[in-house]
Amino acid sequence: MKRKKIKARYRNFLSLGILFLLMACVESYDFKSEGTASVIIVQGFVSDEFKRHEISLSNSYDLESDENSFITNAAVSVIASDGAQYDYFHTENGVYKSYDEFQAEAGKTYQLEILHEGVTYLSEEEKIYGRSEIGEVEASLRVNNAGIEGIAITTERSSNEDQVQFFRYDYSETYKIVAPYSSGYKLVVDPDGQNASLVEAPDERRVCYNTEESIESVLKTTKFREDQTEFEDVIRFLPVNDLKIRYRYSILLKQYLISPDAYNFYETLKELSGSQNAFSQNQPGFITGNIKAVNSNNKVLGYFEVASADEKRIFVDPLEFFNVTDFPGFDQYCSLVWPGVPMRPNSPDPLVGYIESGEYQYVGDRNSPYAAMIDLPPDTPVGPYILANISCVDCRTLGTNVQPEFWIEDE
Amino acid sequence: MQRLLFLFIFCMSLQSLSAQDSIQKLTINFNDVPLREALQQIEERSGLEIFYAEQWIPETLISKTFEETPLNEILDELFSETILNYYIFNGENIILTSNSRIYDKLPEGFFGRDPQENIDQDLVQDEPSAAPVFYNNSQDPNQEIETVRIGKEGAQPNRRTYQLSGYVLDKATGEPITNLAVILENTGTGVSTNINGYYEIKLRAGENLIRTSSITNENVTKRVIIYSDGTLNLNLTESLESLGEVQISSNANKNVENANTGEEEIDIENIKNVPLVLGERDILKVAMTLPGITTAGEGSAGYNVRGGKADQNLILLDDAVMYNPAHFFGLFSAINPFTTGSATIYKGNIPAEYGGRLSSVFDLRTKDSNTREFQGEASIGPVTSNLTVELPIIKEKSGLMLGGRSTYSNWILRSLDEPQLKNSTAFFYDGIAKYNHEFNENNKLTATAYVSDDRFSITSDSVYNYQNRLLTLHYNHRFNDRNRGALILTNSDYKFNIDYDNSLQDSFRSGYHINETEVKLDMKHVLNSAHQFDYGVSTKLYQIDPGFIEPLDSESSINDFSLSEEQGLESAIWLADNYEVNEKLSLSAGLRYSIFTSLGAEQIRYYDPASPKNDNSVIGTEEFESNEPIKTYSGPELRLSARYFLLPDLSVKGSYNNTYQYIHTLSNNVTVSPTDTYRLSGYHIEPQGARQFSLGFFKNWMENTVETSIEGYYKTSDNLLDFKTGANLFLNEFVETEVIQGEGKSYGAELLIKKKAGDFNGWLSYTYSRSFLKLDGEFDEETVNDGEFFPSNYDKPHDFSLVTNYKLTQRFSFSANFVYQTGRPITYPTGKFDYGGSEYVLYSDRNQFRIPDYYRLDLSVNLEGNHKLEKLGHTFWNFSVYNVLGRNNPYSVFFVTQDGEVEGKQASIFSVPVPTISFNFQF
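Protein chains in written order, with numbering that gives the first Met the number 0: chain V, 0 to 410; chain P, 0 to 922.
Right under this line is the structure:
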């Protein structure tokens, strides 16, 4: 993996250097579709976890379009070298699930077969490349390249001396959210739509949890580290101003031991879309995976991956690394407003507009300490109530107030 | 004073024409006394007074004993080595004269002569004539013509003509000025100086006005009063203001006469007038304005000549190969403009002595140092400062030139608001030293050392560095008039390093290194005026460290790893005949045979031919020992070119040539990047080959001041190296698994109109050209665009350049450039797709679309200091504005996936006008 990282790194800085040094400018470019050659996109993945595995099928789509066109009518199956065949059925959005639970086993090879509109697509025969065992997952205080402090999530890995290994990591992050302001009340717009009135609000708005899945996999390799028995790889870095680490944070790290070819496929995908820049551009082209059409010239883009999986969850208390004052203050992400009074007797209360937008909610009255936090010109006619961003008074707009089952508040 | 005295004496002599009698005899002894003292002693002994002007008397020492010698004999003896004459006046005074002789009788025919006889006598040269030399002393006071007296009038009968000879040398460099006309004003006839600056001219006795005429040097007029055969050496200063015209005069009809097609010469001196970005004089950037030579874009290193790849140019600095002639990724070239003497680009027929690259040769030569006096030049621009000095070591024999440039562009980075860049650095320098030593006219040695270094650190954790180093020893020997040769030893070295240092345990240094050493013997033999042979032999050893990685500190968990060293031996022999068949037809026929062997140690993998080369298709391996030949390639290379004069100033030229190249860049970038590595041909990678036909018409107009040419070419090539999409080339032991070798095809027509002289000069070039690639491997992943020909990354059909300079006065000039080019092809996405929750773009056919066209106008004003000789130095100011129109020329269009969404981006480098001032000082 390292080699790719190196590449990406110097490419980046080359571009930056020239860009800024010489008044270069990069601006967005309006691109138009110049032709549509639809290509079948296959994401195939089977692991050694005993479960119902999934395969996704879709078509590529126009540049202007945002409509993903899923393939829902294909016959999908995975055939093992021992003759076992695992058939899949379409669930929704192009995702096919195996009817039965199964797992990839060492010593066997697996092949993906797709039949769609009379064309058969076959993958190469893939196998598990050893057993993935995730090492210690740790959080530590680090400084990133931009000089910003933050929490790095690392895995400790022991490399195999004989063989270069390739890993893919996915993760799922869960973090606690505490609404910075609480009042015990909220404003409700009256049925006539003219006024809003204060009602009691339960405390359930204060503490929530949110879970986010990683979008792109993180790729790592033991290349150039074959002789090292143990080393760390940074999988995730959260700068101190990331609100995910404002309170308690948890990450579930999934490690897949993948084949060199699969690694190269993902790398290429990433390279052609991510680290492209003005001055050293990789030659783009069609990315060939390990799936081909057998009885036609149709192009397929995708990879059928067979991998060994392992996972580990850790919890992080950011206060072990930072003081409360290190985090961004509430005022940096919460804004307060103090709506005025109606202009004329018959016009609706300005509060109504704020409340109906769903963006703001009651935080206190004119006698609350919030009043002092708002700078208004003298003699501004002010109403009775002060509002804040809704996310600052009701955390349910950011997550759920149901604590996840796996959540451990204190270790 | 001298003249007045002379006139006085002359009048006196006419008035008293009495005979010289009763000559005194003296016994006198001089022992190492100055002549002046000797004369004083004579005065004392003889009691005579001697009249003379002190400045006439040379500082010669006299050692002589006279015993009872008549005074006139003593004086004869004393003055024999001088230009002095004497006249003993009335036996009391001795009057000395310079050059002239005082006559005591009128010559025969003084009062008129038969005209017929006169004519006859004029026709008969060297006939003794009794006529004394008289000349008109009245002078036009406005005419500051120096009068020179040559020789001494003898008492014997004079000849009517005398021979004047001498050397004409350059005042500054001491080099002989050849082909300088020495013209006799009276008759308008003249002679020219030979290669040593020597001339001989017959002058009528007496006063003559001679004038020198040359475009390279100042023109002087001298009044020569000649009394006998003599010498007159002239030291002339270079006429700076007309330097641009030097080439016209010396190679006036080279454009039409040269038998070689596709040869371009860059007038180094004149490029200072060409407006260039950030005030950097740049020879290679000027080359871009010539037809057939392009670059993929502003800020892109590498040149594409006649549709060839950027790695197909042999860039030679004093015979040594320069691997990366770019600073700042191509925004500036690494060639020092102040030390460079000549730049010749061969893009058509490449002479047989050059080889190893398919497309072109950039033959850059450093000036010889001045061997007479210290000389220097300095310039200050916004990006770099430059200093060149020339130091004579042994007068008129050897000299050392030192040139250096360094950037101080860090301030540009520092002055930016971007916090990340405040800590970054960008730095480059280059330095050159050249020593030239002329043992005698047959033996000359030059030695050049060059180094260039670029260092960047944009992010705090990475330092990026690349370096060129060249060494040349060049020994020229002239065996005789017909045979001469050069023995050349060169060594070139190129390397880059990336230091990556962070707080994690993966700090490393990785890099690449290539070194080549070449010995070349280049001989010339002039058989007769029709045949001139070039022949020679060369051999070159390559040593490449294709890549390494090592931990940067003990904390790092990175292991040492390096690819095994690559070695190769490339040799060639050649013979070429420059054959003047007749007045109209001239041939340049060359044959080169090149042979390349890749050498171990290396592990070679054999692959199953029925499947693509990859780790799974290996069917065997073989270990080769160090220096063991692995694979040998060889082939003949024809270099044929002919010129035929249709009219005296119109010629047609045609050529065919083929070339082989055994070294390739590994790069899967669209354009050249400094991290591209060079690899040799070997077991799996075959040498590239190309064939080019070219035909052109060349015509000069207006007495060779305007040159025009139109040239067409058709070129095919094979085994061009390309790579599978997403190929991983960094530290890849088995590059063959990523390689596709394909065919190339290019053709074009080039038009050039050049006006080299006059107040308004410059050139216009237009090229229509196409360049295609075909990658049609056996397997799907080795096929691009269905195996059809597709436009290469540097295919720019229309390329128009206009470079003009208008001289308002000798000191003020204006320059303007205009450039128009078709936008280069890009690979455009044909769609999008989702993968793992992210959106990506789908590319299918390569290079089917183009970025918008490129055009740019640059203007500059040049102000030269005056040319007074006494002035300490010569100054030159240049004010220029690059991209006056502020055209936002896209350099590239690319697509990124950000936060799961695809975005198109367009990058341009100089999207606003860039004004620059630079100052240049010669001393």
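C-beta atoms are modelled at their ideal positions from N, C-alpha and C, and glycine is treated no differently.
Have a look at residue i and residue j and give me their C-alpha separation to the nearest angstrom.
{"i": "Asn657 (chain P)", "j": "Ile349 (chain P)", "result": "9 Å"}
{"i": "Leu807 (chain P)", "j": "Lys755 (chain P)", "result": "16 Å"}
{"i": "Gly46 (chain P)", "j": "Thr64 (chain P)", "result": "19 Å"}
{"i": "Arg468 (chain P)", "j": "Thr516 (chain P)", "result": "12 Å"}
{"i": "Ser879 (chain P)", "j": "Phe909 (chain P)", "result": "14 Å"}
{"i": "Thr192 (chain P)", "j": "Val181 (chain P)", "result": "8 Å"}
{"i": "Ala306 (chain V)", "j": "Ser356 (chain V)", "result": "48 Å"}
{"i": "Lys3 (chain V)", "j": "Tyr60 (chain V)", "result": "At Lys3 (chain V) the pLDDT is 36, less than 50, meaning the model places this residue with poor confidence; the figure from the coordinates comes in the next sentence. Approximately 29 Å between the Cα atoms of the pair."}
{"i": "Leu401 (chain P)", "j": "Arg483 (chain P)", "result": "28 Å"}
{"i": "Pro391 (chain P)", "j": "Asn442 (chain P)", "result": "18 Å"}
{"i": "Ser456 (chain P)", "j": "Asp169 (chain V)", "result": "32 Å"}
{"i": "Thr915 (chain P)", "j": "Asp857 (chain P)", "result": "11 Å"}
{"i": "Ser390 (chain V)", "j": "Asn263 (chain V)", "result": "42 Å"}
Only counting the same chain, and skipping five residues up and downstream in sequence, which positions put a Cβ closer than 7 Å to that of residue i?
{"i": "Tyr805 (chain P)", "result": "Asp758, Phe759, Ser812, Phe813"}
{"i": "Pro960 (chain P)", "result": "Coverage of chain P is limited to positions 0 through 922, which leaves residue 960 (chain P) absent and any answer about it impossible."}
By Cβ distance below 6 Å, which residues in the same chain neighbour residue i in space, the five residues on each side in sequence not counted?
{"i": "Leu486 (chain P)", "result": "Tyr474, Leu520"}
{"i": "Thr874 (chain P)", "result": "Gly864, Phe920"}
{"i": "Ile379 (chain P)", "result": "Phe918"}
{"i": "Asp452 (chain P)", "result": "Tyr428, Gln466"}
{"i": "Phe696 (chain P)", "result": "Val651, Ile709"}
{"i": "Ile662 (chain P)", "result": "Tyr677, Leu679"}
{"i": "Tyr120 (chain V)", "result": "Ile113, Ile290, Ala292, Val299"}
{"i": "Glu579 (chain P)", "result": "Ala529, Ser585"}
In chain P, what lies closer than 9 Å to residue i by C-beta?
{"i": "Ser139 (chain V)", "result": "Per Cβ cutoff of 9 Å: no residues; Ser139 (chain V) is ~10 Å from chain P at best."}
{"i": "Ser80 (chain V)", "result": "In chain order: nothing, as chain P lies at least about 16 Å away."}
Tell me, to the nearest whole angstrom, how far the beta carbon of residue i is from that of residue j; I am working on the premise that it is less than 8 Å.
{"i": "Leu719 (chain P)", "j": "Leu665 (chain P)", "result": "That belief does not hold up - the Cβ atoms of Leu719 (chain P) and Leu665 (chain P) are roughly 13 Å apart, past 8 Å."}
{"i": "Thr160 (chain P)", "j": "Leu95 (chain P)", "result": "That pair is no contact at about 27 Å."}
{"i": "Gly93 (chain V)", "j": "Val351 (chain V)", "result": "Actually they are not in contact, since the Cβ atoms of Gly93 (chain V) and Val351 (chain V) sit about 44 Å apart, beyond 8 Å."}
Leaving out five residues before and five after residue i in sequence, what residues of the same chain have Cβ atoms less than 8 Å from its Cβ?
{"i": "Asp559 (chain P)", "result": "Phe547, Ile548, Glu549, Pro550"}
{"i": "Lys831 (chain P)", "result": "Glu838, Tyr839, Val840, Leu841, Val901"}
{"i": "Ser46 (chain V)", "result": "His52, Gln102, Ala103, Tyr255, Val305, Ala306, Ser307, Ala308"}
What in chain P is Cβ-close to residue i, meaning under 7 Å?
{"i": "Gly284 (chain V)", "result": "Thr724, Val783, Thr826, Tyr842, Arg845"}
{"i": "Leu114 (chain V)", "result": "Under the 7 Å cutoff, chain P gives no residues; its nearest Cβ is about 21 Å from Leu114 (chain V)."}
{"i": "Asn345 (chain V)", "result": "Correct list: empty, because the minimum Cβ distance to chain P is about 46 Å."}
Which residues of chain P have a Cβ atom closer than 8 Å to the Cβ of residue i, listed in chain order?
{"i": "Ile40 (chain V)", "result": "Phe832, Asp833, Tyr834"}
{"i": "Asp61 (chain V)", "result": "Gly830, Lys831"}
{"i": "Phe320 (chain V)", "result": "Those do not exist, as Phe320 (chain V) stays about 15 Å from chain P at its closest Cβ, beyond 8 Å."}
Along chain V, which residues have their Cβ under 8 Å away from the Cβ of residue i?
{"i": "Tyr839 (chain P)", "result": "Leu268, Leu271, Ser272"}
{"i": "Phe788 (chain P)", "result": "The premise fails here: Phe788 (chain P) is roughly 16 Å from chain V at the closest Cβ pair, so nothing lies under 8 Å."}
{"i": "Asp500 (chain P)", "result": "Per Cβ cutoff of 8 Å: no residues; Asp500 (chain P) is ~10 Å from chain V at best."}
At 9 Å on the CB atoms, spell out the chain V contacts of residue i, in chain order.
{"i": "Asn303 (chain P)", "result": "Those within 9 Å of Asn303 (chain P) in chain V number zero; the least Cβ separation is about 16 Å."}
Which chain V residues sit within Cβ distance under 7 Å of residue i?
{"i": "Asp779 (chain P)", "result": "Thr287"}
Open item on the list: Quick test of the definition: if touching needs 3 or more C-beta pairs under 8 Å, does the stretch 625–643 of chain P touch the stretch 792–802 of chain P?
Closed with: The stretch 625–643 of chain P makes no contact with the stretch 792–802 of chain P, as fewer than three CB pairs between them are under 8 Å.
Task: Three-pair Cβ contact test at 8 Å for the stretch 360–372 of chain P versus the stretch 581–592 of chain P - done: Short answer: they don't touch.
Open item on the list: Three Cβ pairs or more, each shorter than 8 Å: is that satisfied between the stretch 464–483 of chain P and the stretch 493–500 of chain P?
Closed with: Touching, yes, given that three or more Cβ pairs across the two stretches are closer than 8 Å.
Open item on the list: Taking 8 Å as the cut-off, does the stretch 832–843 of chain P touch the stretch 888–905 of chain P (at least 3 CB pairs, one atom from each stretch)?
Closed with: Yes: at least three Cβ pairs fall under 8 Å.
Open item on the list: Does the structure place the stretch 22–31 of chain P close enough to the stretch 63–79 of chain P that three or more beta carbon pairs sit under 8 Å?
Closed with: Judged by pairs of C-beta atoms under 8 Å, the stretch 63–79 of chain P touches the stretch 22–31 of chain P, as three or more such pairs exist.
Open item on the list: Does the structure place the stretch 366–385 of chain V close enough to the stretch 308–319 of chain V that three or more beta carbon pairs sit under 8 Å?
Closed with: Counting C-beta pairs with one atom in each stretch, the stretch 308–319 of chain V and the stretch 366–385 of chain V have fewer than three that are closer than 8 Å, which means they do not touch.
Task: Meets three-Cβ-pair contact criterion under 8 Å: the stretch 343–350 of chain V and the stretch 178–196 of chain V - done: Yes, the stretch 343–350 of chain V is in contact with the stretch 178–196 of chain V.
Open item on the list: Counting beta carbon pairs with one atom in the stretch 324–334 of chain V and one in the stretch 70–77 of chain V, are three or more of them shorter than 8 Å?
Closed with: Touching, no, given that fewer than three Cβ pairs across the two stretches are closer than 8 Å.
TODO: Say whether the stretch 32–43 of chain P touches the stretch 56–63 of chain P, bearing in mind that this needs 3 or more beta-carbon pairs closer than 8 Å, one atom from each stretch.
DONE: Taking 8 Å as the limit for Cβ pairs, the verdict is that the stretch 56–63 of chain P does touch the stretch 32–43 of chain P.
Task: Stretch-stretch touch, CB-based, cutoff 8 Å, three pairs: the stretch 216–224 of chain V with the stretch 134–147 of chain V - done: Too few Cβ pairs lie closer than 8 Å, so no.
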